[in-house]
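The sequence shown begins at 1335 in the numbering used here and counts up one residue at a time.
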Amino acid sequence: MKMYITKRFRLLTAAVAVTLFSCNKDLPDAVPIPSTPPSGATILETLNDPNYSFLKAAVTRASSVPSPTGTLTTLLGDKTRVFTFFAPDDNAFKASLPLLGVPADISSLNFFRPGQLDTIIKYHLIGGQKYTAAAI
């Protein structure tokens, strides 16, 4: 019995030694992958289109008060961020403002507090994913 235990111990020691010595390989240095700079217009630049005048005014008013995630203009103007923004055009604002009991005029955005507009506009953001209009 003692001989059996000694044989097993020697085999186990040899297996552990082989395993430990085989793991000492030098790893090659990692080569960084160069990132391409973002291209195209930011969402904030896209809002200069005349069809988004209501949304641009809402973003401007919402950005007058900082939120925990930063101002909305900073968020929408950052090219390094990846997200999808479902931007309602002027026709959508003109259709929805009367349903809220306010006139369908750009000055009606003053009925809303900046924090309210910030929250409403951020509901139109999907962070971390970029969808094209064709994919939606």
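No residue lacks a Cβ here, since even glycine has one placed at the ideal position from N, Cα and C. In this text the structure is predicted, and so the values were computed from the model without any measurement.
Who are the Cβ neighbours of THR1407 in its own chain at under 8 Å, not counting the five residues just before and after it?
-> LEU1378, VAL1393, THR1394 and SER1397
Bounding residues of the alpha helix (DSSP H) (the contiguous stretch that carries PHE1388) = For PHE1388, the uninterrupted alpha helix (DSSP H) run begins and ends at 1387 to 1396, by DSSP.
Which listed residue (LYS1341, SER1401, THR1418 and VAL1350) has its alpha carbon closest to that of ALA1468 | Residue THR1418 is the option with its Cα nearest to ALA1468.
If you draw a straight line from the C-alpha of SER1430 to the C-alpha of PHE1446, how long is it?
-> 14 Å
Give every residue of the same chain whose Cβ lies closer than 8 Å to the Cβ of LYS1428, excluding the five residues on either side of it in the sequence, and list them in chain order.
-> PHE1388 and ALA1438
Please say whether VAL1416 and GLN1463 have beta carbons closer to each other than 9 Å?
-> yes
Alpha-carbon to alpha-carbon, PHE1420 and GLY1411 | 15 Å
Near TYR1386, which residues of its chain fall below 8 Å by C-beta distance, leaving aside the five closest residues on each side in sequence?
-> Counting only Cβ-Cβ distances below 8 Å, and skipping sequence neighbours, we find THR1380, ALA1421, ASP1423 and ASP1424.
Classification of PRO1402 by the beta-carbon crowding that lies within 10 angstroms, buried from 16 upward = exposed
If you run the structure through DSSP and keep just helix, strand and coil, what is ILE1470?
-> coil
What do you get for PRO1362, buried or exposed, if any count of 16 or more other CB atoms within 10 angstroms of its CB means buried?
-> exposed
Boundaries of the beta strand (DSSP E) in which ILE1460 is found, first to last residue | Boundaries of the beta strand (DSSP E) around ILE1460: 1459 to 1461.
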